[in-house]
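Participant:
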Amino acid sequence: MKIYILCPTKRVTGGVELAHQLCCALNTLTEIEAKMWYTDIDDTRLETLVVNEKAPVEYALYHTECISDYSVVDKTENIVVIPEGLTGYIDLVDKARIVLWWMSVDNYISSTNEANLDTIKNKVVLHLYQSYYSKDYVEKKITGARGIFLSDYINDEHGKFILPTEFRRNMALYNPWKGYSEIKPLIDKTKWIEWVPLIGMEREKMILVMQMAKIYVDFGNHPGKDRIPREAAVNGCCVITNKKGSAAFSEDVPIPEDYKFTEPNDMLDEIEALLRDICDNFDVHKKDFDNYRKTIKSEKEKFNNDVLRFVEFMDRF
């Protein structure tokens, strides 16, 4: 048995990093050979079905290898792991067993309008759930779906230290690519706080900025168990979210309900009051996230255990 993990080439995203983490874990923890299957999703010619190139430099630490020829993939003894955003590739696999990894629910819906659910039901032998949100979605949409958890973990560079309160500024962070229209009214209302968009930053700079801030706010969609809220939390920030997607599930975003808002734009006064209180009493609020940080720091061990369980399951299947 060999495992091939489908992944878009030349991408640096949370999902792509997760794919490399799985490949690394399989090769490190088991006797199974695992390789990346890079493909060019911007060029649908047959020639770009398989792209033979090195991993992005950001993921070189995972020491993965990739295939150069599709002919090695589609064999009955093999497993192909396909992310939910590339379900169009399911029809290309005839013999190998297909495992569908639900890193994001919303990305699947937006890219397919759920048009290939029947294909998924008929050809996928196992679903991997990155979040309780994805588990809930699959179980509602695909009767009798067989699935197990395979979540993820954030990069080890995050949370190596936490800058003391006295060195932090009254600064709130946000992701401008995600839910900007939802957070803009709050930004406009709270000019007294320094708002910093997390954009165009290498990992080292993002860590430094998170260490300088007190708050991370995310009112966008939460298509899976998002990385940036976790990265902000382990770097010492308090996290405020809405209740969209995975944020509605306490298992995925286990922060106190006082920091979650169903309709943020209808509660701007309450949110501003919370921002002020966090800035004025940061040490008190920071303790509210101790359990969240503890959970995040245990995710790598859980991920490794999930990988072993996945292999054990496929060995029996």
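Its first residue numbered 47, the sequence shown is counted upward by one per residue in the working numbering.
Virtual Cβ for every residue (Gly too), placed ideally from N, Cα, C.
Fair warning: this is a prediction, and the values are worked out from it, not measured in the lab.
Beta-carbon of residue 107 versus every beta-carbon of chain B: anything under 7 Å?
Facilitator: Among the protein chains of the structure shown there is no chain B, as only one such chain exists.
Participant: Once DSSP output is grouped into helix, strand and coil, what is the label at residue 81?
Facilitator: Three-state DSSP puts residue 81 in a strand.
Participant: Nearest to residue 80 by alpha carbon, out of 86, 338, 70 and 87?
Facilitator: Of the candidates 86, 338, 70 and 87, the one whose C-alpha sits nearest the C-alpha of residue 80 is 70.
Participant: Closer than 6 Å by C-beta to residue 94: which residues in its own chain qualify, once you throw out the five before and the five after it? Chain order, please.
Facilitator: Same-chain partners within the cutoff: 86.
Participant: Is the Cβ-Cβ distance between residue 132 and residue 83 less than 7 Å?
Facilitator: Result no, Cβ atoms of residue 132 and residue 83 do not sit closer than 7 Å.
Participant: Let me know the secondary structure DSSP gives residue 218 once reduced to three states.
Facilitator: The answer is strand: DSSP assigns residue 218 an E or B state.
Participant: Please report the straight-line C-alpha distance between residue 162 and residue 187, rounded to a whole angstrom.
Facilitator: Taking the straight line joining both Cα atoms gives about 11 Å.
Participant: Considering only DSSP beta bridges, list what residue 147 is partnered with.
Facilitator: DSSP lists 129 and 174 as partners of residue 147.
Participant: Can the beta-carbon of residue 264 be found less than 7 Å from the beta-carbon of residue 287?
Facilitator: Yes. Within cutoff.
Participant: Have a look at 129, 136, 127 and 250 and flag the residue whose alpha-carbon is nearest the alpha-carbon of residue 32.
Facilitator: There is simply no residue 32 to check, as the chain begins at 47 and stops at 363 in what is shown.
Participant: Per the DSSP calculation, residue 243 is bridged to which residue(s)?
Facilitator: 220, per the DSSP bridge assignment.
Participant: Could you pull out every residue in the same chain whose Cβ sits closer than 8 Å to the Cβ of residue 300, ignoring the five residues on either side in sequence?
Facilitator: Counting only Cβ-Cβ distances below 8 Å, and skipping sequence neighbours, we find 337, 338 and 341.
Participant: Below 8 Å CB to CB, which residues in the same chain sit around residue 353 once its five sequence neighbours on both sides are set aside?
Facilitator: These residues qualify, in order along the chain: 68, 71, 72, 75, 76 and 196.
Participant: Tell me the rounded alpha-carbon separation between residue 214 and residue 273.
Facilitator: Taking the straight line from one Cα to the other gives about 22 Å.
Participant: For residue 349 and residue 199, I'd like the C-alpha separation in whole angstroms.
Facilitator: If I take the Cα positions, the gap works out to 7 Å.
Participant: Below 8 Å CB to CB, which residues in the same chain sit around residue 343 once its five sequence neighbours on both sides are set aside?
Facilitator: Correct list, in chain order: 205 and 280.
Participant: I need the straight-line Cα distance from residue 113 to residue 164, nearest angstrom please.
Facilitator: Answer to the nearest angstrom: the Cα atoms are 29 Å apart.
Participant: Quick one, are the C-beta atoms of residue 262 and residue 285 less than 7 Å apart?
Facilitator: Yes, the pair counts as a contact, with Cβ atoms nearer than the cut-off.
Participant: Going by other Cβ atoms of all chains shown within 10 Å of its Cβ, with 16 needed for buried, is residue 210 buried or exposed?
Facilitator: Residue 210 comes out exposed.
Participant: Can you grab the Cα-Cα spacing for the pair residue 134 / residue 239, in whole Å?
Facilitator: Computed Cα separation, rounded: 45 Å.
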